[in-house]
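Written below as structure tokens is the structure these notes are about.
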Amino acid sequence: MQSFKTIAIAGGTGTLGYYVSEAFLSDGSYKVKILRKKPETVNEKANLLVSKGAEIVYVDYNQKDDLVNALKGTDVLVSILSGFDTYNIQSKMLTVAKEVDVKRFIPTEFGGEYKLGDHICTDTKAKFREDLKKSGLEYTFIYNGAFQEFLGWVGFDVKKKEATFFVDENKIISTTSLSDIAKYTVESLKVPEARNGAIRVAGAALTLKEYLQKFEEATGSKWKVIEDKEVRYRYLNKIDPVPSDADDFKVMALNHTSFEKLDNDKFSFTPRPVTETINELISQAQ
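Quick note, the sequence shown lines up with residues 1 to 286 if you use UniProt numbering.
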């Protein structure tokens, strides 16, 4: 396998990005560069990462010279960017990465596994995935299901003790904690199957009903359950109440977060129990 020494992380101070940056620094085997968008601003997470040994590099993603300077000497580029312009930014990074001999590109997947045509919000990921496969660079796609810290977004409202099921209660939903996603990302560099491949991992793979049971056990109370399984139908046919774009995306995402086979056994650690995250969410809501 190739030897990697220098890691560049685009979006390395974001919600997931900070965990990934910290995990690479904690490993101790890599020089870590964090790419942040210009102009330079004070950022608490960036300062913390610098104190742990990271280098912060400010870039204008639309300026090729900035990207060349930022990526020169990089072995692995990890993108944890988000937003509607992600495809264009990743494409520009890919062009420069090839020019400066980056060895591997881990693009911003980190969720469900989507194909082109599943949803307008994920088509850019699918499109870039195909571009990367054809580029000649090594790549790894990491799929981890939903973030456990965002189980509220899935439909579990801790404050109201209320669960909204947008899909069948027996639908299996894979979830992974942010810290474990970061560990999987770091260790993927040492997993032979990750070279020019996809890694599918999960901290928990439970039905919505099973997640609800864990929330009820942790709170010691029975929760109210609301079922709303017609979101996509109402959205596509503009039937009142017409769901928002975000709710339509949520339903699509929940239908793409279970994996036929997991690669957890290729890694050296056991992911943290989902009950730990649930207890943290309950504490935060109090």
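Using N, Cα and C, we set each Cβ at its ideal position, and we do this for glycine too.
- Ala8 - containing alpha helix (DSSP H), residue span: Taken as a continuous stretch (DSSP letters only), Ala8 belongs to no alpha helix (DSSP H), being part of the beta strand (DSSP E) at Thr6 to Ala10.
- Simplified DSSP assignment, three categories, for Arg36: For Arg36, the secondary structure class from DSSP, reduced to helix, strand or coil, is strand.
- Query: In three-state DSSP terms, what is Phe128?
  - Reply: DSSP, read as helix, strand or coil, puts Phe128 in helix.
- CA nearest to the CA of Phe156, picked from Thr176, Cys121 and Phe215: Ranked by how close their Cα comes to the Cα of Phe156, the residues Thr176, Cys121 and Phe215 have Phe215 in first place.
- So, using beta-carbon positions, are Val68 and Val32 closer together than 8 Å? No, the pair does not count as a contact, with Cβ atoms beyond the cut-off.
- Pick helix, strand or coil for Phe165, following the three-state DSSP scheme. It is a strand residue.
- Message: Check this for me: beta carbons of Ile89 and Ile142, under 8 Å apart or not?
- Response: Between Ile89 and Ile142, the C-beta spacing is not below 8 Å.
- Message: In whole angstroms, give me the CA-to-CA distance for Ala97 and Ile106.
- Response: Rounded to whole angstroms, Ala97 to Ile106 spans 12 Å at the Cα level.
- To which residues of the same chain is Asp66 closer than 7 Å at the C-beta, ignoring the five residues directly before and after it? Cβ within range, chain order: Val59 and Asp60.
- Message: Considering Cα atoms alone, identify which of Lys224, Gln63 and Tyr30 is closest to Lys159.
- Response: When each option's Cα is compared against that of Lys159, the closest is Lys224.
- Task: Indicate the three-state DSSP secondary structure (helix, strand or coil) for Ala205 in the structure shown.
- Result: Reduced to three states, the DSSP call for Ala205 is strand.
- Item | Short CB-CB distance (under 8 Å) between Ser3 and chain D | The structure shown has no chain D; it contains just one protein chain.
- Message: Could you compute how far the alpha carbon of His119 sits from the alpha carbon of Met252?
- Response: For the pair His119 and Met252, the Cα-to-Cα distance works out to about 7 Å.
- Item | Cβ-based neighbour list, Gly11, same chain, cut-off 8 Å, excluding 5 preceding and 5 following | A distance below 8 Å between beta-carbons, with the five flanking residues on each side excluded, links Gly11 to the following residues of its chain, in chain order: Gly17, Leu35, Ser79, Ile80, Leu81, Ser82 and Thr108.
- Query: So, using beta-carbon positions, are Leu208 and Lys250 closer together than 8 Å?
  - Reply: No.
- Item | Residue range of the unbroken alpha helix (DSSP H) whose run includes Leu25 | Segment Gly17 to Asp27, the alpha helix (DSSP H) holding Leu25.
- Item | Distance, Thr270 Cα to Gln286 Cα | Inter-residue distance for Gln286 and Thr270 is about 29 Å (C-alpha atoms, whole angstroms).
- May I ask which residues mark the beginning and end of the alpha helix (DSSP H) holding Ala46? Start and end: Glu44 to Ser51.
- Query: Whose CA, out of Val274, Gly145, Gly203 and Ser221, lies closest to the CA of Ala163?
  - Reply: Ranking Val274, Gly145, Gly203 and Ser221 by Cα distance to Ala163 puts Ser221 first.
- Task: Ignore the nearest five residues each way along the sequence and tell me which others in Gly112's own chain have a CB closer than 6 Å to its CB.
- Result: A distance below 6 Å between beta-carbons, with the five flanking residues on each side excluded, links Gly112 to the following residues of its chain, in chain order: Ala253, His256 and Thr257.
- Message: Just to confirm my understanding: we take Gly197, look at its own chain, exclude 5 residues before and 5 after, and list those with CB closer than 7 Å. What are they?
- Response: The residues Thr140, in chain order, have a CB closer than 7 Å to that of Gly197 in the same chain once the five nearest residues on each side in sequence are set aside.
- Cβ-Cβ distance between Glu149 and Thr275 below 8 Å: Contact flag unset, no.
- Query: According to DSSP, is Phe147 helix, strand or coil?
  - Reply: Residue state, collapsed to three classes: strand.
- Message: Just to confirm my understanding: we take Ser51, look at its own chain, exclude 5 residues before and 5 after, and list those with CB closer than 6 Å. What are they?
- Response: Taken in chain order, the list of residues that qualify is empty.
- My guess is that Thr13 and Lys38 are in contact by the Cβ rule of under 8 Å, so how many angstroms apart are they, rounded? Between Thr13 and Lys38 the beta-carbon gap is near 14 Å, outside 8 Å, which marks them as no contact.
- Query: Among Arg234, Lys229 and Ser174, which residue has its Cα nearest to the Cα of Ala205?
  - Reply: With distances taken between Cα atoms, Ala205 lies closest to Ser174.
- Residues near Leu178 by beta carbon distance below 8 Å, same chain, minus five either side: Cβ within range, chain order: Thr15, Leu16, Tyr19, Phe147, Gln148 and Glu149.
- Can you check the stretch 194-248 for any alpha helix (DSSP H) of at least 4 residues that lies completely inside it and give the ranges in chain order? Whole alpha helix (DSSP H) segments, 4+ residues: 208-219 and 231-237.
- Unbroken alpha helix (DSSP H) runs of length 4 or more, entirely within the stretch 75-127: which are they? Counting only runs of 4 or more, we get 86-99.
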